[in-house]
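Top to bottom, those sequences are chains H and S. Numbering follows the numbering used here, in which position 499 of the first sequence is assigned residue number 501; successive positions increment by one, without gaps. Numbering follows the numbering used here, in which position 264 of the second sequence is assigned residue number 266; successive positions increment by one, without gaps. Worksheet: one structure, shown below.
Protein chains: 2
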Amino acid sequence: MFSEKPLPDAIDLSHHLSKVAVARQVSPLKGLQKYMDKPGLISLAGGMPNPSYFPFHSLGAEVLVEDQFPLNPSQSSSGLSWFWKLFGSKQVERTTAVSVPKFANKPGEIDLATALQYSMAKGLKPLQDFINDFVGNVYQPGYANYTTIVHAGNTDGVNKSIMTLCNPGEGVLVSEWTYPSTMATMKPLGIRPVPVGMDGQGMSAVALDKLLSEWDVEARGGMPRPHVIYTVPVGQNPTGATMGAQRKKEIYAIAVKYDIIIIEDDPYYFLQQGEYVPKGERKEEEVKTHKDEEKHFIASLAPSFLKFDYQGRVVRLETFSKTVAPGSRLGFFTCNAVFAERFERQGETSTQAPCGFGQSMVASLLLQWQYSGYIRWLRALRLQYKQRRDFFIDCFDDEFNMRRSIAVSGAHQGAVVYEGSLKPLRGEKFAASGKTLFSFVPPTSGMFVWIKLHFDEHSEVSTLGMKELEMKLWTALAEEGILFGPGNMFSSANLTDDYEGPGHFRISFSNADFDELKRAVEVFQHVTRKFFKDL
Amino acid sequence: MFSEKPLPDAIDLSHHLSKVAVARQVSPLKGLQKYMDKPGLISLAGGMPNPSYFPFHSLGAEVLVEDQFPLNPSQSSSGLSWFWKLFGSKQVERTTAVSVPKFANKPGEIDLATALQYSMAKGLKPLQDFINDFVGNVYQPGYANYTTIVHAGNTDGVNKSIMTLCNPGEGVLVSEWTYPSTMATMKPLGIRPVPVGMDGQGMSAVALDKLLSEWDVEARGGMPRPHVIYTVPVGQNPTGATMGAQRKKEIYAIAVKYDIIIIEDDPYYFLQQGEYVPKGERKEEEVKTHKDEEKHFIASLAPSFLKFDYQGRVVRLETFSKTVAPGSRLGFFTCNAVFAERFERQGETSTQAPCGFGQSMVASLLLQWQYSGYIRWLRALRLQYKQRRDFFIDCFDDEFNMRRSIAVSGAHQGAVVYEGSLKPLRGEKFAASGKTLFSFVPPTSGMFVWIKLHFDEHSEVSTLGMKELEMKLWTALAEEGILFGPGNMFSSANLTDDYEGPGHFRISFSNADFDELKRAVEVFQHVTRKFFKDL
Numbered sequence: 003m004f005s006e007k008p009l010p011d012a013i014d015l016s017h018h019l020s021k022v023a024v025a026r027q028v029s030p031l032k033g034l035q036k037y038m039d040k041p042g043l044i045s046l047a048g049g050m051p052n053p054s055y056f057p058f059h060s061l062g063a064e065v066l067v068e069d070q071f072p073l074n075p076s077q078s079s080s081g082l083s084w085f086w087k088l089f090g091s092k093q094v095e096r097t098t099a100v101s102v103p104k105f106a107n108k109p110g111e112i113d114l115a116t117a118l119q120y121s122m123a124k125g126l127k128p129l130q131d132f133i134n135d136f137v138g139n140v141y142q143p144g145y146a147n148y149t150t151i152v153h154a155g156n157t158d159g160v161n162k163s164i165m166t167l168c169n170p171g172e173g174v175l176v177s178e179w180t181y182p183s184t185m186a187t188m189k190p191l192g193i194r195p196v197p198v199g200m201d202g203q204g205m206s207a208v209a210l211d212k213l214l215s216e217w218d219v220e221a222r223g224g225m226p227r228p229h230v231i232y233t234v235p236v237g238q239n240p241t242g243a244t245m246g247a248q249r250k251k252e253i254y255a256i257a258v259k260y261d262i263i264i265i266e267d268d269p270y271y272f273l274q275q276g277e278y279v280p281k282g283e284r285k286e287e288e289v290k291t292h293k294d295e296e297k298h299f300i301a302s303l304a305p306s307f308l309k310f311d312y313q314g315r316v317v318r319l320e321t322f323s324k325t326v327a328p329g330s331r332l333g334f335f336t337c338n339a340v341f342a343e344r345f346e347r348q349g350e351t352s353t354q355a356p357c358g359f360g361q362s363m364v365a366s367l368l369l370q371w372q373y374s375g376y377i378r379w380l381r382a383l384r385l386q387y388k389q390r391r392d393f394f395i396d397c398f399d400d401e402f403n404m405r406r407s408i409a410v411s412g413a414h415q416g417a418v419v420y421e422g423s424l425k426p427l428r429g430e431k432f433a434a435s436g437k438t439l440f441s442f443v444p445p446t447s448g449m450f451v452w453i454k455l456h457f458d459e460h461s462e463v464s465t466l467g468m469k470e471l472e473m474k475l476w477t478a479l480a481e482e483g484i485l486f487g488p489g490n491m492f493s494s495a496n497l498t499d500d501y502e503g504p505g506h507f508r509i510s511f512s513n514a515d516f517d518e519l520k521r522a523v524e525v526f527q528h529v530t531r532k533f534f535k536d537l
Numbered sequence: 003m004f005s006e007k008p009l010p011d012a013i014d015l016s017h018h019l020s021k022v023a024v025a026r027q028v029s030p031l032k033g034l035q036k037y038m039d040k041p042g043l044i045s046l047a048g049g050m051p052n053p054s055y056f057p058f059h060s061l062g063a064e065v066l067v068e069d070q071f072p073l074n075p076s077q078s079s080s081g082l083s084w085f086w087k088l089f090g091s092k093q094v095e096r097t098t099a100v101s102v103p104k105f106a107n108k109p110g111e112i113d114l115a116t117a118l119q120y121s122m123a124k125g126l127k128p129l130q131d132f133i134n135d136f137v138g139n140v141y142q143p144g145y146a147n148y149t150t151i152v153h154a155g156n157t158d159g160v161n162k163s164i165m166t167l168c169n170p171g172e173g174v175l176v177s178e179w180t181y182p183s184t185m186a187t188m189k190p191l192g193i194r195p196v197p198v199g200m201d202g203q204g205m206s207a208v209a210l211d212k213l214l215s216e217w218d219v220e221a222r223g224g225m226p227r228p229h230v231i232y233t234v235p236v237g238q239n240p241t242g243a244t245m246g247a248q249r250k251k252e253i254y255a256i257a258v259k260y261d262i263i264i265i266e267d268d269p270y271y272f273l274q275q276g277e278y279v280p281k282g283e284r285k286e287e288e289v290k291t292h293k294d295e296e297k298h299f300i301a302s303l304a305p306s307f308l309k310f311d312y313q314g315r316v317v318r319l320e321t322f323s324k325t326v327a328p329g330s331r332l333g334f335f336t337c338n339a340v341f342a343e344r345f346e347r348q349g350e351t352s353t354q355a356p357c358g359f360g361q362s363m364v365a366s367l368l369l370q371w372q373y374s375g376y377i378r379w380l381r382a383l384r385l386q387y388k389q390r391r392d393f394f395i396d397c398f399d400d401e402f403n404m405r406r407s408i409a410v411s412g413a414h415q416g417a418v419v420y421e422g423s424l425k426p427l428r429g430e431k432f433a434a435s436g437k438t439l440f441s442f443v444p445p446t447s448g449m450f451v452w453i454k455l456h457f458d459e460h461s462e463v464s465t466l467g468m469k470e471l472e473m474k475l476w477t478a479l480a481e482e483g484i485l486f487g488p489g490n491m492f493s494s495a496n497l498t499d500d501y502e503g504p505g506h507f508r509i510s511f512s513n514a515d516f517d518e519l520k521r522a523v524e525v526f527q528h529v530t531r532k533f534f535k536d537l
């Protein structure tokens, strides 16, 4: 027998609620709930249609088996080269059937009469239960009374978090480069992003502490010291950076010190691919057998902020967009019960419960797979993304001279940086050949490579400025049929025309077919060669 | 040949946009769109998973046939009494199969690779097209360039409308009694409901014009004259009132005069049941055959505000919640293009596109049925609700002495009012027998009977007050297992404890089985008898 210290409950953090969140109604059911659980109750209170009028008799799907994708690419027996096997759309999909009847055959079963009816903003009970267990097993929150509640995807989750926590005139701490949609959520509400310096692990704890300790309300135009951090800690959007456990502990300690709420927007959590190893040095990975595969897998992932959250000051946003499908518009909060109750109230006057078709299909899938099956799916999924990332970065090595170095300062500090320069063409004397035109740190998670563009010596840098130069290169690529994400969209500072930092592109390797990824890097090579021809 | 005057385009109403709506970003795609339609484009710009990672191979459903329900109850051949046939849940459901493959087999077909991917907040193209045609055919807007755009159900639609049109400190014109969820949406945002008097058709045009013409900013505590009306014009929630064409024209004219936007929240549009005829006088309805059944049906419905909207100042909110299922969380706006564009931007930072499972299933159903099939479904649906309403109101006649009269003033002005009093029990000398204890106007649309409670002579009226008396009766019913909607929840004025008007219940006949409806009225009779025993 061993004794484990029981986890504390969340502390009272209700002073973080926005005026809007505080002003939301109490539950209309408060005080009436006791009557609603009466057996034999006849409720003529709500405006619900009779389920016989739902023109769906049953809903069904052929869902993939949990082991559709291998845990090791060599497990595939085809003679094709490994990356061609990854053309998922052409793969044979092995399936199993799930179905949802209009009326449940046994208690607790998902049925359309419930899923397609008006329901509590909390969502379907079997889904709630699955999510709650999942959070406990995988993230292991540092306090006992955490609460999960569904939302309609992380975009909805961010919106609800900002509306629940922030008042107009306040600022939210974000990374220098961050997800534009979150800024687009805040700005119309009069809430401003406050940039925090980054390094190779994303938001810098040192920069954060400095910024907060030196906060000067007057110099900030009256903006109070922010009480909310927004962060994408794994496979950061757009830089691809991932915060390790130590960094998260440091940032959490700062959050405690300055009484800050952390919004952890974590869509890429299960796309943790590990370090990039150049093609020549890469060994065929062996899948080691562990006594407890699931626990080993979970332990191999960077922990969530929840793990260090002993006070309940993390609002974790998770979504099925990357692990099931974006069109699910389904995800969930994990947070303290006070915030969860406000999210539920907010849901009642906006999204209500997420779509019943989506909830019942995602829940059916998860109940079909069970926890172990879902973990099996996630393990293979991260390998798929690893192979995509490896293939995509390999393409740069094919097209450019890539040089490795360790960054000693700046946004990439401590990380292995790959610097790209042009290969001289046969017989060509080309001054730019040796110059670094771009550089990146291969991401260890997520969907994006964040390329820094070294425009410093471009002939037009003094006349056009960095921002316009970036869009000029972006346009040249677009005209050749290649779309990247323009870096300036991701800046949390207002990049003015005299901005002097580097240009950037966010390039996604998550969706395109492999031949398209290859083609994109080829075009990038041709276009940059032309773009820098005067160097 | 005849010449029809071409419809005008919407006028510029952009000055109605709220600060939040104006501050929303321009479309991130603006200016880049021309590159996105290039054939052979390789986009590495978005963060989209490859569809091979969606664990759904196909989605399918058994959907009801469009003529599942009869157009005439006598068409059923069963020997059971007519209302027992209506136990929908026990009816045999006749179905046809729809399915959605992962990849389309032909262009324009709905597929999961599209429906479950990130997509524009506008929604699936085949659904957009259906909706657009539907609005043109059914509502016939009075201006040419109306725009439709999907939302996640009318609750979401109301939220987006309020956020797009109203600033904190403003008021929104609503009926005296109105939908609580809309008030719960406004109040936290600092937007206040401004009650407008009602009569038998809902919001009174006379009261509205008077209120606006006499608006005194100072007397209103600085609130500017409202520029937005919120109304549920058909089967009004909670009163069940329906505005005819003439009333809508009058209100529209006032909206033009005072430059007002009308939010038409119209979930019950297709539940137009016609006048209630008491059981003894009711004739078995004959279904007349018309040359054009569809056009005849549409012409038989109270028109939408859109029909009179020649300037584009109506924001119509429609939902599939009542015609398909609430869990669809799917509906659409019809409005001018400027507002629609702002709704789309707002969608991008909140709901995004509605759930892809829901969109593809509802779209598949509608494409299976086609326009004519959907109209057939709607025609039978309103008959289902008519039978429910008739049955429910008949129950009152069984339990109480019901007296008819025409109301000459007040909220029921011009309508046939049914007044209920107790039947004397055998051998009982009961003073309350002859007194009117409650009254209602049978609704011609929607889901609700709005019962006025005549507490005036209740022994406790002076000590408890109307509001508390209402909750006392509500609680007495709840303790007997019957839940009604407490009337005070629907008041747009703040009902204080010294409120002297009548009490109310909103009673829904939309969901419960017929024996439950009957039982509810029986319990209501027993409980009111006890409640008024001192009279």
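We put the beta carbon where it would ideally sit given N, CA and C, even for glycine. This one's a predicted model, so the numbers in the text were calculated from it and none came from an experiment.
Please classify Leu82(H) as buried or exposed, where buried requires at least 16 neighbouring CB atoms within 10 angstroms.
With a pLDDT of 40 at Leu82(H), under the threshold of 50, the predicted position of this residue should be treated as unreliable, and no value is reported.
Kindly list the residues whose CB is nearer than 6 Å to the CB of Asp201(H), restricted to its own chain and excluding five residues on each side of it in sequence; keep chain order.
When the five nearest sequence neighbours on each side are left out, the beta carbons in the same chain lying within less than 6 Å of the beta carbon of Asp201(H) are those of Gln415, in order along the chain.
Can you give me the start and stop residues for the alpha helix (DSSP H) that Thr187(S) sits inside?
Residues 182-188.
Among Ile231(S), Leu273(S), Phe457(S), the one whose alpha carbon lies nearest that of Ala257(S):
The closest CA to that of Ala257(S), considering only Ile231(S), Leu273(S), Phe457(S), is found on Ile231(S).
Within chain H, partners of Ile484(S) - CB distance below 9 Å
Leu43, Ile44, Ser45, Leu46, listed in chain order.
Is Gly489(S) helix, strand or coil by DSSP?
In the structure shown, the three-state DSSP call for Gly489(S) is helix.
In or out: Gly282(H) buried (at least 16 other Cβ within 10 Å) or exposed?
With fewer than 16 other Cβ atoms within 10 Å, it is exposed.
Please list, in chain order, all residues of the same chain as Asp499(H) whose beta carbon is under 8 Å from its beta carbon, the five residues on each side excluded.
Cβ contact annotation for Asp499(H) (same chain, cutoff 8 Å, sequence separation greater than five): Gly467, Lys469, Glu470, in chain order.
So, Glu252(S) versus Val316(S), is the Cβ gap smaller than 7 Å?
Result no, Cβ atoms of Glu252(S) and Val316(S) do not sit closer than 7 Å.
From the beta carbon of Glu518(S), is the nearest beta carbon of chain H less than 7 Å away?
Closer than 7 Å: yes.
Proximity below 7 Å, CB of Thr97(H) to CB of His59(S):
In this structure, Thr97(H) places its C-beta atom within 7 Å of the C-beta atom of His59(S).
Using a Cβ-Cβ distance under 7 Å, would Thr351(S) count as near chain H?
Taking 7 Å as the CB threshold, Thr351(S) lines the interface with chain H.
If distances are taken between C-alpha atoms only, which option among Gly314(H), Ala365(H), Ser510(H), His528(H) comes closest to His18(H)?
Of the candidates Gly314(H), Ala365(H), Ser510(H), His528(H), the one whose C-alpha sits nearest the C-alpha of His18(H) is Gly314(H).
Under the assumption that Asp155(S) contacts Thr321(S) (Cβ atoms under 8 Å), give the Cβ distance between them as a whole number of angstroms.
A small correction: the amino acid at residue 155(S) is Gly; Asp does not occupy that position in the sequence shown. Indeed, because the Cβ distance is near 5 Å, the residues count as touching under 8 Å.
How close, in whole Å, do the beta carbons of Pro444(H) and Tyr271(H) come, if the pair is a contact with beta carbons under 8 Å?
The C-beta separation of Pro444(H) from Tyr271(H) comes to about 19 Å, leaving the pair out of contact by the 8 Å criterion.
Short-range partners of chain H found in the segment 486-500 of chain S, where Cβ spacing is below 9 Å
For the segment 486-500 of chain S, which is checked against every Cβ of chain H, the residues closer than 9 Å are Phe486, Gly487, Pro488, Met491.
Using a Cβ-Cβ distance cut-off of 7 Å, determine whether Ile2(S) contacts chain H.
Residue 2(S) is absent from the structure shown; chain S starts at 3 and stops at 537.
Could you check the C-alpha separation between Glu459(S) and Leu9(S) for me, to the nearest Å?
One C-alpha to the other measures close to 57 Å.
Can you name, in chain order, every residue of its own chain whose Cβ lies under 8 Å from the Cβ of Ser494(H), other than the five neighbours on each side?
Shown here for Ser494(H): same chain residues with a beta carbon closer than 8 Å to its own, the five before and five after excluded, namely Val176, Ser177, Glu178, Trp179, Thr180, Met185, Pro195, Val196, Pro197 in chain order.
For Ile509(H): DSSP bridge partner residues:
DSSP, once it has assigned bridges, lists Val451(H) as partnering Ile509(H).
For Met245(S), which of helix, strand or coil comes out of DSSP?
In the displayed model, Met245(S) falls within coil according to three-state DSSP, outside both helix and strand.
Quick check: is the beta carbon of Gly329(H) nearer than 7 Å to any beta carbon in chain S?
Cβ-Cβ to chain S under 7 Å: yes for Gly329(H).
What does the Cβ neighbour count give for Gly204(S), buried or exposed, with the cut at 16 atoms within 10 Å?
Using a 10 angstroms sphere on the CB of Gly204(S), the tally of other CB atoms reaches 16 or more, which defines it as buried.
Do Gly349(H) and Ala123(H) have their beta-carbon atoms positioned less than 7 Å apart in this structure?
Yes, Cβ-Cβ distance for Ala123(H) and Gly349(H) is below 7 Å.
Taking the alpha-carbon of Thr446(S) as reference, which of Thr244(S), Ser461(S), Asp218(S) has the nearest alpha-carbon?
Residue Thr244(S) holds the alpha-carbon nearest to the alpha-carbon of Thr446(S) among Thr244(S), Ser461(S), Asp218(S).
Please report the distance separating the alpha-carbon of Gly49(S) from that of Asn513(H).
Approximately 8 Å, taken between the alpha carbons.
For Cys337(S), the residue or residues it bridges with in DSSP
Beta-bridge annotation (DSSP): Cys337(S) is paired with Thr149(S).
Under the rule that 16 or more other beta-carbon atoms within 10 Å means buried, what is Asp135(S), buried or exposed?
Exposed, because fewer than 16 other Cβ atoms sit within 10 Å of the Cβ of Asp135(S).
At the 7 Å Cβ level, is Cys397(S) part of the contact set with chain H, yes or no?
Not one beta carbon of chain H lies nearer than 7 Å to the beta carbon of Cys397(S).
Mapping DSSP to helix, strand and coil, what is Ala209(H)?
Helix.
Note down, in chain order, each residue of its chain lying with its Cβ closer than 6 Å to the Cβ of Val340(S), except the 5 sequence neighbours on either side.
Closer than 6 Å at Cβ, skipping near neighbours: Ser16.
Reduced DSSP category for Phe132(S) - H, G, I as helix; E, B as strand; rest coil
Secondary structure at Phe132(S): helix, using DSSP grouped into helix, strand and coil.
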